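Right, one structure below, let's go through it.
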Amino acid sequence: MVQKVSKIWMDGELIPWDEAKVHVLTHTLHYGLGVFEGIRCYRCHDGRSGIFRLRDHINRLFDSASVAQIEIPFSREELEEACKDLLRVNDLDEAYIRPLVFIGEGVMGVHPYDNPVRVAIIAWRWGAYLGEEALRKGTRAKTSSYTRHHPNAMMTKAKICGNYVNSVLAKREVVKLGYDEAIMLDPDGYVSEASGENVFIVKNGIIKTTPPTTILPGITRDSVMRIAKDRGYVVIEERFSRDELYIADEVFLTGTAAEVTPIREVDDRIIGDGKPGRITRELQEIYFKAVRGGLPEYSHWISYL
Ligand SMILES: *Cc1c(COP(=O)(O)O)cnc(C)c1O
94 MVQKVSKIWM DGELIPWDEA KVHVLTHTLH YGLGVFEGIR CYRCHDGRSG IFRLRDHINR
154 LFDSASVAQI EIPFSREELE EACKDLLRVN DLDEAYIRPL VFIGEGVMGV HPYDNPVRVA
214 IIAWRWGAYL GEEALRKGTR AKTSSYTRHH PNAMMTKAKI CGNYVNSVLA KREVVKLGYD
274 EAIMLDPDGY VSEASGENVF IVKNGIIKTT PPTTILPGIT RDSVMRIAKD RGYVVIEERF
334 SRDELYIADE VFLTGTAAEV TPIREVDDRI IGDGKPGRIT RELQEIYFKA VRGGLPEYSH
394 WISYL
């Protein structure tokens, strides 16, 4: 259950949590055309709270809106300030922040014409998305029978609400079978991404991840690639097949919610020695230091409250 806080930011105002409601004729509720973001704020080493890569997330929200042809009635600066205000007013030193842009009521039918565009920002405390144990010991993944979107069917570069029906189906399928996370293949059968995370593999010291074709280009993916390159690792963006996962030395997932989560098993094949690999652990450790402001070379990624 989401842990309730005092206020939600909605259409330019901070309103009580329980009053942040919408009408059932809300267009996005029927047809799924809306866009969102997922951002984390961490309590940093010096005691201040800092939002990780806030500007990049807000920029991606505007990119998603552009793909979806939705005009956001606020500026980037206004939404950045709104995220910060929301955390301050709710006394949240650490939080997950969910901006959501959706089309309100007016006409029905698939064309929303000029129904109002509405914006909400919700923040709540959210620990490790796949669990603390998953972060430490690794998680068990299964390839879903559902194919990830063809880039000409759903726009994969955008966090569009309706895109996630595919993720929900995949996740439910594998959870029912006793696994933790779903890995999805693209329409050509190559590994695409997990239900809400990007996928990395390590083989013979070389780090590989899927190119930004059928995936959501994750900001965590970008951060981890930067960190790895700065440490001298070779990072390749190249398609790979599911059996390349099986024979990888290490596999891990990246995402704002999931952070850097090691995978210890894929489709009942043990990865490496069944424990998070050396490079995965190294990147995870640096990532957690970076998001908490512990590394000067990455401090420009943090917007302090
Ligand atoms: C949000 C998301 C990711 C991860 O993106 P981050 O910017 O790292 O949070 C990966 N895949 C999908 C499908 C996503 O929705």
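Mind the numbering: the sequence shown is residues 94 to 398 in the working numbering, read in order. We put the CB at the ideal spot given by N, CA and C, even for glycine. The structure presented is a predicted model; accordingly, all values stated were derived computationally and were not measured.
Can you tell me which of the three DSSP states residue i falls into?
i: P305; result: coil
i: K177; result: helix
i: W407; result: Since the first and last residues shown for the chain are 94 and 398, residue 407 lies out of range.
i: Y206; result: coil
i: S142; result: strand
i: P192; result: strand
i: K114; result: coil
i: F167; result: coil
i: P369; result: coil
i: E106; result: strand
i: V98; result: coil
i: T121; result: helix
i: R425; result: As shown, the chain starts at 94 and ends at 398. That puts residue 425 outside it, with no answer to give.
i: Y135; result: strand
i: Y222; result: coil
i: I395; result: strand
i: I363; result: strand
i: V212; result: strand
i: V200; result: coil
Among the options, which residue has its Cα nearest to the Cα of residue i?
i: P414; options: A213, T354, E375; result: Since the first and last residues shown for the chain are 94 and 398, residue 414 lies out of range.
i: G105; options: N152, R169, M94, R153; result: R169
i: I215; options: V327, V194, L223; result: V194
i: R371; options: R385, F345, H393, V384; result: F345
i: A321; options: I196, A263, E375; result: E375
i: K100; options: V182, S159, V160, L147; result: V182
i: K252; options: G311, I300, W219; result: G311
i: L278; options: R265, G298, K269, V292; result: V292
i: E173; options: I163, A263, F155; result: F155
i: V284; options: L338, V258, V295, T249; result: L338
i: D342; options: D360, A351, P209, G365; result: G365
i: T347; options: A158, I294, E171, G197; result: I294
i: M94; options: R233, L262, W217, M318; result: W217
i: S396; options: T373, P205, D178; result: D178
i: L122; options: V258, E130, G140; result: V258
i: S334; options: G199, I276, Q96; result: I276
i: Y222; options: P192, V261, D273, D207; result: D273
i: A246; options: S316, D323, L107, T307; result: T307
i: T373; options: M248, N297, T249; result: N297
i: P305; options: R265, L270, M248, D336; result: M248
i: G224; options: K250, L398, N152, A351; result: A351
i: G367; options: K382, I340, G125; result: I340
Quick one: is residue i buried, meaning 16 or more other Cβ sit within 10 Å of its Cβ, or exposed?
i: R362; result: exposed
i: P166; result: exposed
i: E112; result: exposed
i: H242; result: buried
i: I190; result: buried
i: N256; result: buried
i: V117; result: exposed
i: G386; result: buried
i: S392; result: exposed
i: I379; result: buried
i: H138; result: exposed
i: E130; result: buried
Compute the minimum distance between the beta carbon of residue i and the heavy atoms of ligand 3, and state whether it is under 7 angstroms.
i: K264; result: Only ligand 1 can be found as ligands here, which leaves ligand 3 out of the picture.
Subject >> Every unbroken beta strand (DSSP E) within the segment 234–291, with a cutoff of 3 residues, ordered by chain >> reply: You should have 274–278, 284–287.
Original post:
Curious, which full-length beta strand (DSSP E) runs of at least 3 residues does the segment 293–357 contain?
Top reply: For the segment 293–357, the continuous beta strand (DSSP E) assignments of 3+ residues that do not extend past its boundaries occur at 299–302, 328–330, 343–348, in sequence order.
**OP:** Check whether the segment 347–357 touches the segment 225–234, counting contact only when three or more Cβ pairs, one atom from each stretch, lie closer than 8 angstroms.
**Re:** Contact between the segment 347–357 and the segment 225–234 is present, because at least three Cβ pairs lie under 8 angstroms.
Subject >> Three CB pairs or more closer than 8 angstroms across the segment 236–248 and the segment 277–291 >> reply: Counting Cβ pairs under 8 angstroms, three or more are found: they touch.
Subject >> At least three beta-carbon pairs within less than 8 angstroms, the segment 133–143 to the segment 183–190 >> reply: In short, these stretches touch, since the Cβ pair count reaches three.
Original post:
When the Cβ atoms of the segment 139–154 are set against those of the segment 298–317, are three or more pairs found closer than 8 angstroms?
Top reply: Yes: at least three Cβ pairs fall under 8 angstroms.
Original post:
Would you call the segment 320–336 and the segment 291–306 in contact, with 3 or more CB pairs under 8 angstroms?
Top reply: A contact exists between the segment 320–336 and the segment 291–306.
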